[in-house]
Amino acid sequence: MALPLAPRPTVIYVDVDDTLVRSFGSKRIPMFPMVERVRELHERGAELYCWSTGGAAYARQTATELGLADCFVAFLPKPHLLLDDVAVKDWRMREVHPSEAPSRDVEELLRRPG
Numbered sequence: 001m002a003l004p005l006a007p008r009p010t011v012i013y014v015d016v017d018d019t020l021v022r023s024f025g026s027k028r029i030p031m032f033p034m035v036e037r038v039r040e041l042h043e044r045g046a047e048l049y050c051w052s053t054g055g056a057a058y059a060r061q062t063a064t065e066l067g068l069a070d071c072f073v074a075f076l077p078k079p080h081l082l083l084d085d086v087a088v089k090d091w092r093m094r095e096v097h098p099s100e101a102p103s104r105d106v107e108e109l110l111r112r113p114g
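As C-alpha cells, then:
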C-alpha cells in the first residue's frame with residue numbers, strides 16, 4: 001500500500017533590489033514590509049529562494065544583512081538564458097509586485113495557481 005505524498009510547499013522566488021532593499025546612490029534602505037512578509041511566508045512553510053541580477057553572493061549578503069538568510073533554501077543569480085520545454089508565459093505561476101505583496105493576504109500568496 002503506497003503512502004500518500006506529503007503536500008509540496010509553495011515555492012517562491014524573491015528578488016533583492018527594489019524588492020527587499022531600495023538603493024539611493026551608495027545607500028541601501030531595507031523595504032521593511034517585504035522583509036516582514038518574507039519572514040511570515042517562511043514561518044508558514046513556503047520554500048523561499050533569493051535571487052538577484054547581482055549574483056548569488058550578493059543575494060546571500062543582502063539576506064544576511066536583513067536577518068533573512070535562514071528563511072531561504074538557496075541563493076541564486078538571475079539567469080541570462082532559460083532552457084525549458086514550457087514557455088514562461090505558460091508556467092503555472094503568479095507574479096506579485098513588491099508594492100502589493102505586503103497588503104495581500106498570506107493565504108492568497110501561498111495558494112498555488114491552477
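Going by full-length UniProt numbering, the sequence shown opens with residue 1, and the numbers climb by one from there. For every residue, glycine included, the Cβ atom is placed at its ideal position computed from N, Cα and C.
Residue range of the unbroken alpha helix (DSSP H) whose run includes residue i
i     : result
Val16 : No alpha helix (DSSP H) contains Val16, which DSSP labels as neither H nor E.
Pro33 : Phe32 to Glu43
Val88 : Looking at the DSSP string, Val88 is not in any alpha helix (DSSP H), and its letter there is neither H nor E.
Range of the contiguous beta strand (DSSP E) that encloses residue i
i     : result
Ala74 : Phe72 to Pro77
Residue i versus the options, residue with shortest Cα-Cα distance
i      : options                      : result
His111 : Asp90, Leu3 and Ile12        : It should be noted that the sequence gives Arg, not His, for residue 111. When only C-alpha atoms are compared, the closest one is Ile12.
Leu76  : Ala87, Ala57 and Gly67       : Ala57
Val46  : Leu82, Arg92, Arg8 and Pro79 : Note that residue 46 is Ala in the sequence shown here, rather than Val. Among Leu82, Arg92, Arg8 and Pro79, the Cα nearest to that of Ala46 is on Arg8.
Sequence-distant residues of the same chain with beta carbon closer than 8 Å to residue i, five excluded per side
i     : result
Thr19 : Met31, Met34 and Pro98
Beta-carbon proximity of residue i to residue j, cut-off 8 Å
i      : j     : result
Arg39  : Cys71 : yes
Glu102 : Arg28 : It is worth fixing the name first, because residue 102 is Pro in this sequence and not Glu. Cβ distance not < 8 Å, so Pro102 and Arg28 don't count as in contact.
Val16  : Tyr49 : no
Close Cβ partners of residue i (< 7 Å) along its chain, the five nearest in sequence each way excluded
i     : result
Arg22 : Ile29 and Met31
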